[in-house]
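Chains as they are written, first to last, in the numbering used here: chain A, 214 to 507; chain B, 393 to 637; chain C, 25 to 358. To keep things clear, I will list the structure first and then write my remarks on it.
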Amino acid sequence: MPEFSFLFGQFLGGLTAAMFLFLIASGLSLIFGVLRVLNFAHGSFYMVGAYLAWQLVRWTQPAPEAFWIAALGAALGVALLGGIIERLLLRYLYDREELYQLLFTYALVLIIADAAKVLWGTQQLSVSRPPSLAGSLQLFGVTVPHYNLCIMLLGPMIAFGFWLVLQRTALGRIVRAAALDRETLGTLGANVGWVYTGMFMAGSFLAGLGGALVTPVKSIVPGMDVEIIVEAFIVVVIGGLGSFWGTFLGAVIYGQVLAFGILIFPRFSIFAVSTLMAVILILRPWGLLGRPIR
Amino acid sequence: MLEVRGLGKAFNGFRAINGVSLTVARGEIAAVIGPNGAGKSTLFNLITGHLQPDEGQILLEGRDITGAAPHRICRMGVGRSFQRTNIFAKLTVFENIQAAFIAHRGRGRDFWTRSSTLYRDETEALLVSLGIRDTADTIGGLLSHGNQKQVELGIALACDPEILLLDEPTAGMSAAETRESIRLLERIAAERSLTLLFTEHDMQVVFSIAQRIAVLHQGRLIAEGSAEAVQQDEQVRRVYLGERH
Amino acid sequence: MSRRIPWALVVFLVAFWVPFLGSRFYTFVATDIAILALFAMSLNLLLGYTSLVSFGHAAYFGIGAYTCALLMKSLGAPFLPSLMAGGLTAAGFALVFGFFCVRLTKIYFAMLTLAVAQIVWAICFKWNDVTGGEQGLPSVPYPDLAWMGSLPILENLRLGDLFYIVVILIVLLGIAALRRIVDSPFGRILTVIRDNPERAQFVGVNVRLYQLAAFVVAGFFAGISGALFGIFNRGVFPDFIYWTKSAEPLIMTILGGMGSFWGPAVGAFALVVLNQQVTSYTEYWPFVMGAILILLLYVFPGGIVGTIETALTPARPDSSGATPAASQQADRGA
Numbered sequence: 214m215p216e217f218s219f220l221f222g223q224f225l226g227g228l229t230a231a232m233f234l235f236l237i238a239s240g241l242s243l244i245f246g247v248l249r250v251l252n253f254a255h256g257s258f259y260m261v262g263a264y265l266a267w268q269l270v271r272w273t274q275p276a277p278e279a280f281w282i283a284a285l286g287a288a289l290g291v292a293l294l295g296g297i298i299e300r301l302l303l304r305y306l307y308d309r310e311e312l313y314q315l316l317f318t319y320a321l322v323l324i325i326a327d328a329a330k331v332l333w334g335t336q337q338l339s340v341s342r343p344p345s346l347a348g349s350l351q352l353f354g355v356t357v358p359h360y361n362l363c364i365m366l367l368g369p370m371i372a373f374g375f376w377l378v379l380q381r382t383a384l385g386r387i388v389r390a391a392a393l394d395r396e397t398l399g400t401l402g403a404n405v406g407w408v409y410t411g412m413f414m415a416g417s418f419l420a421g422l423g424g425a426l427v428t429p430v431k432s433i434v435p436g437m438d439v440e441i442i443v444e445a446f447i448v449v450v451i452g453g454l455g456s457f458w459g460t461f462l463g464a465v466i467y468g469q470v471l472a473f474g475i476l477i478f479p480r481f482s483i484f485a486v487s488t489l490m491a492v493i494l495i496l497r498p499w500g501l502l503g504r505p506i507r
Numbered sequence: 393m394l395e396v397r398g399l400g401k402a403f404n405g406f407r408a409i410n411g412v413s414l415t416v417a418r419g420e421i422a423a424v425i426g427p428n429g430a431g432k433s434t435l436f437n438l439i440t441g442h443l444q445p446d447e448g449q450i451l452l453e454g455r456d457i458t459g460a461a462p463h464r465i466c467r468m469g470v471g472r473s474f475q476r477t478n479i480f481a482k483l484t485v486f487e488n489i490q491a492a493f494i495a496h497r498g499r500g501r502d503f504w505t506r507s508s509t510l511y512r513d514e515t516e517a518l519l520v521s522l523g524i525r526d527t528a529d530t531i532g533g534l535l536s537h538g539n540q541k542q543v544e545l546g547i548a549l550a551c552d553p554e555i556l557l558l559d560e561p562t563a564g565m566s567a568a569e570t571r572e573s574i575r576l577l578e579r580i581a582a583e584r585s586l587t588l589l590f591t592e593h594d595m596q597v598v599f600s601i602a603q604r605i606a607v608l609h610q611g612r613l614i615a616e617g618s619a620e621a622v623q624q625d626e627q628v629r630r631v632y633l634g635e636r637h
Numbered sequence: 025m026s027r028r029i030p031w032a033l034v035v036f037l038v039a040f041w042v043p044f045l046g047s048r049f050y051t052f053v054a055t056d057i058a059i060l061a062l063f064a065m066s067l068n069l070l071l072g073y074t075s076l077v078s079f080g081h082a083a084y085f086g087i088g089a090y091t092c093a094l095l096m097k098s099l100g101a102p103f104l105p106s107l108m109a110g111g112l113t114a115a116g117f118a119l120v121f122g123f124f125c126v127r128l129t130k131i132y133f134a135m136l137t138l139a140v141a142q143i144v145w146a147i148c149f150k151w152n153d154v155t156g157g158e159q160g161l162p163s164v165p166y167p168d169l170a171w172m173g174s175l176p177i178l179e180n181l182r183l184g185d186l187f188y189i190v191v192i193l194i195v196l197l198g199i200a201a202l203r204r205i206v207d208s209p210f211g212r213i214l215t216v217i218r219d220n221p222e223r224a225q226f227v228g229v230n231v232r233l234y235q236l237a238a239f240v241v242a243g244f245f246a247g248i249s250g251a252l253f254g255i256f257n258r259g260v261f262p263d264f265i266y267w268t269k270s271a272e273p274l275i276m277t278i279l280g281g282m283g284s285f286w287g288p289a290v291g292a293f294a295l296v297v298l299n300q301q302v303t304s305y306t307e308y309w310p311f312v313m314g315a316i317l318i319l320l321l322y323v324f325p326g327g328i329v330g331t332i333e334t335a336l337t338p339a340r341p342d343s344s345g346a347t348p349a350a351s352q353q354a355d356r357g358a
């Protein structure tokens with residue numbers, strides 16, 4: 214029986230990963246919930262967020278807390294990118310079959326991946342932790358970096374903030390109405406087009422923010438877009454497409470499965486992702502907290 | 393022929409169908425009427441297997457078909473037309489009917505024959521009897537509403553049904569079209585000894601051909617019987633007929 | 025009724041002469057196109073004819089490749105039985121996986137096919153003993169084609185050319201079979217399901233069963249094309265199955281036109297040629313593919329064949345005077 218501190222370390226690791234994933238997946242879930250589009254390019258936005266953060270940190274050096282500005286800037290940049298894509302291209306596909314939307318977002322993945330290679334090359338890049346959070350503390354015998362701790366709190370706080378806006382404000386009500394019945398909302402005078410654009414931008418913001426915040430922890434490398442989108446899919450499927458708390462639950466579960474699964478079955482990580490998704494889709498496709506579709 | 397016993401169905405707490413029982417005898421022409429939202433389409437969906445009932449039983453010729461899959465129920469001799477016209481919009485009228493024959497006669501296992509050569513005569517005959525032979529080569533989706541309804545009838549008939557469930561067969565039709573439609577239905581029902589069960593809003597239609605009428609209101613059956621009996625029924629007059637005349 | 029031109033035969037007769045042009049390169053490219061054309065057309069059975077979007081079709085391609093290669097390489101089995109085994113094994117897996125997949129609709133279906141393909145990939149990637157793991161199965165032997173050299177026309181051809189001839193023969197047989205299937209009552213029911221699944225149910229069609237059958241047939245032909253590719257490529261590797269590989273037949277099908285039978289083959293031709301051209305100038309082929317895809321989605325949804333058809337057909341004379349585009353759209357049922 215491994216020591217408690219080791220297990221606790223795994224647990225925390227799983228939680229950290231989960232919170233990062235939650236931030237990103239909540240954006241995906243948001244976009245699907247309102248626009249009914251499964252955005253393959255969400256992982257690409259995450260990657261762009263990471264690269265932008267790196268770029269902004271470079272430009273604002275040597276300002277010490279530049280990291281936070283860079284992260285915010287990156288997230289806003291990605292949101293802008295998302296907005297442009299939605300306004301100019303995606304909106305014309307809403308009325309078409311889902312296949313076209315999926316193919317479009319897939320095309321975006323291809324394009325953005327190569328564009329990133331052109332702009333930033335293919336070597337690994339990294340960003341150092343902001344000095345204010347460079348330290349770490351000891352918890353039950355496990356060294357926990359301050360930064361990770363901060364993310365574990367920040368991630369859900371931000372996403373929770375979004376949820377609050379959606380559930381408790383007038384704006385949120387309009388958005389939820391748009392998700393349920395676009396046409397009727399349009400006849401009521403709300404500008405549904407901009408609601409959709411706004412939601413896409415919000416979801417992309419979350420992806421970009423996630424990408425920016427992950428840079429001190431993981432290196433930025435081509436292929437991170439594909440890796441994260443599959444994981445985000447799992448999380449969203451486990452929790453239930455369109456369910457906010459489901460995404461949270463899914464992220465936590467996935468994080469722990471990954472953290473402890475590797476202990477039991479070392480080759481597990483490569484299977485974990487797909488097997489879990491397949492199992493859920495077979496047994497309970499609408500996820501843990503989604504609405505039953507059968 | 394068709395018996396419904398104590399059928400119930402709720403959607404998220406809303407009881408769409410509540411303890412409905414009715415019987416349709418073989419060869420009868422029966423109608424289910426009721427105001428909008430009374431549950432007529434839900435009732436049909438329950439009978440044809442598109443929805444699972446929460447309680448109750450549905451018997452076809454004594455056999456329990458409650459909760460069976462729609463394609464099974466169709467094979468047992470139940471034909472259906474849908475409220476919103478439901479044909480194969482991308483195929484021609486001819487192909488629509490032909491496809492129905494192919495599907496119904498179980499030729500789906502055939503991976504070899506050229507499907508366009510099958511059942512041409514039967515399709516022709518059916519088109520002629522429905523009076524839509526001249527539209528045979530038109531794409532289904534481009535037809536007028538009335539013609540689409542006739543194609544839909546054709547599709548249902550190609551499946552050789554014993555009982556036909558028609559969901560608002562004359563919806564959206566002009567008075568003249570309605571009269572023609574009803575005459576066609578009567579003729580076909582007589583020719584093929586069909587049992588008919590239909591829902592309608594047009595009271596004239598109902599009273600002109602229905603032998604038995606069931607009245608649905610907010611998911612409950614409030615009256616059932618011959619046309620005269622239902623017309624006299626106090627509750628029915630209050631709830632439904634009173635509002636309309 | 026118009027005379028049916030046996031297009032498969034025509035294409036075979038034309039394609040037959042490629043090796044005689046004397047260029048190794050042409051033969052190479054043509055073999056690539058032929059194999060991928062069969063792969064794409066097998067996917068179109070699902071995509072175009074039954075309206076099932078599968079993001080994991082490469083799994084069956086890979087399974088066919090691995091099976092055939094293993095039989096020929098490790099067991100020294102002869103070519104044709106190994107080929108059939110590849111197809112049948114792929115079909116078998118399609119039956120098992122498809123059973124679970126067809127219970128879902130649209131997006132969920134697509135995602136499960138993706139997940140399944142990734143699992144298959146992970147297994148091939150990790151199962152070093154059988155699949156060679158990350159290294160795959162290199163040096164897959166060529167079939168014994170020496171006997172072909174004794175046939176009169178073929179005596180001066182290289183091994184690669186002879187294999188090409190075998191490939192186009194098999195591929196075109198496969199295409200002819202697919203054509204037959206698509207024209208058959210089974211095929212008719214698939215298009216009916218695509219058009220209106222609810223109505224199809226209520227003419228007595230067990231929709232799930234037919235979707236599963238289509239999945240299995242598509243899997244079979246994907247397996248055959250995979251087996252051929254493994255030999256052509258002189259090796260079978262896990263990346264045959266990675267999810268980004270599943271996108272190629274999708275793009276080929278859309279590029280060629282998913283509403284037409286030959287569309288995917290045309291798309292395969294176009295994409296392979298484009299790939300050859302583009303990769304000689306730049307390494308950013310994915311970017312180009314993405315751009316093409318977007319162009320197709322917005323400007324040419326009917327693909328190459330669809331666009332040509334729209335350009336050539338005059339407006340249909342009918343009762344409600346629909347525009348040519350609309351009736352073209354409607355035409356796709358045929």
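Note that the Cβ used here is the ideal one computed from N, Cα and C, for glycine as well.
| Asked | Found |
| --- | --- |
| Residues of the region 70-99 of chain C whose Cβ lies closer than 7 Å to any Cβ of chain A, in chain order | V77 |
| Pairwise C-alpha distance: E544 (chain B) and F210 (chain C) | 22 Å |
| Exposure of M282 (chain C), with buried meaning 16 or more beta-carbon neighbours within 10 Å | buried |
| Cβ neighbour criterion (16 or more within 10 Å) applied to T382 (chain A) | exposed |
| Sequence-distant residues of its chain with Cβ nearer than 7 Å to R499 (chain B) (five each side left out) | L510 |
| Option nearest G528 (chain A) by Cα separation, candidates A:F457, A:W458 and A:V448 | No information on residue 528 (chain A) is available, as it lies outside the stretch 214 to 507 that chain A covers here. |
| Boundaries of the alpha helix (DSSP H) in which A254 (chain A) is found, first to last residue | Run containing A254 (chain A): none; DSSP gives neither H nor E here. |
| Proximal residues of chain C, C-beta to C-beta of T488 (chain A) below 7 Å | I143 |
| Cβ-based neighbour list, Q311 (chain C), same chain, cut-off 7 Å, excluding 5 preceding and 5 following | According to the sequence displayed, residue 311 (chain C) carries Phe and not Gln. Once the five neighbours on either side are set aside, F311 (chain C) has no close Cβ partner at all. |
| A425 (chain A) - containing alpha helix (DSSP H), residue span | V405 to V427 |
| Contacts of L208 (chain C) in chain B (Cβ-Cβ under 8 Å) | Correcting the residue identity first, residue 208 (chain C) is Ser in this sequence and not Leu. Near S208 (chain C) (Cβ distances below 8 Å), the residues of chain B are D502, F503, W504, T505, R506 and S507. |
| Cut-off 6 Å between Cβ atoms - residues of its own chain near V430 (chain A), not counting five sequence neighbours on either side | none |
| For S349 (chain A), the residue or residues it bridges with in DSSP | A:P358 |
| CB contact below 9 Å: K482 (chain B) versus chain C | yes |
| Sufficient close CB pairs (3 or more, under 8 Å) joining the region 154-163 of chain C to the region 403-419 of chain B | no |
| Span of the alpha helix (DSSP H) around R575 (chain B) | A567 to E583 |
| N-terminal and C-terminal residue of the beta strand (DSSP E) that G398 (chain B) is part of | L394 to F403 |
| Reduced DSSP category for F152 (chain C) - H, G, I as helix; E, B as strand; rest coil | In the sequence as presented, Phe is not what sits at residue 152 (chain C); that position holds Asn. Reduced to three states, the DSSP call for N152 (chain C) is helix. |
| Those residues which DSSP pairs with S218 (chain A) across a bridge | Answer is none; S218 (chain A) lacks a bridge partner. |
| DSSP three-state assignment for Q449 (chain B), whether helix, strand or coil | strand |
| Residue interval of the beta strand (DSSP E) (run including I421 (chain B)) | I421 to I425 |
| Residue-level contact to chain C via CB, L452 (chain B), 9 Å cutoff | no |
| For M412 (chain A) and L243 (chain A), believed in contact at Cβ under 8 Å, the rounded distance | 6 Å |
| For H609 (chain B), the first and last residue of its enclosing beta strand (DSSP E) | R604 to H609 |
| Span separating the alpha-carbon of P43 (chain C) from that of M108 (chain C) | 26 Å |
| CB of S284 (chain C) within 9 Å of CB of E333 (chain C), strictly | yes |
| Pick from C:Y90, C:F124, C:V227 and C:A134 that is closest to T113 (chain C), judged by C-alpha positions | C:Y90 |
| Exposure of R182 (chain C), with buried meaning 16 or more beta-carbon neighbours within 10 Å | exposed |
| Any non-hydrogen atom of the ligand ZN within 8 Å of L346 (chain A) CB | Questions concerning the ligand ZN fall outside what the structure shown contains, since it holds no ligand whatsoever. |
| Buried or exposed (CB count within 10 angstroms, at least 16 for buried), L37 (chain C) | exposed |
| Classification of R467 (chain B) by the beta-carbon crowding that lies within 10 angstroms, buried from 16 upward | buried |
| Contact set between D327 (chain A) and chain C, taken where Cβ atoms lie within less than 9 Å | E307, Y308, W309, P310, F311, V312 and G314 |
| Distance, T215 (chain C) Cα to L136 (chain C) Cα | 23 Å |
| Chain-ordered residues of the region 549-569 of chain B with a beta carbon less than 8 Å from chain C | A550 and C551 |
| Closest Cα partner of C125 (chain C) within the set C:R258, C:A238 and C:P262 | C:A238 |
| CB of S227 (chain A) within 9 Å of CB of G424 (chain A), strictly | Here residue 227 (chain A) turns out to be Gly, not Ser, going by the sequence shown. It is not a contact, given that the beta carbons lie outside the stated cut-off. |
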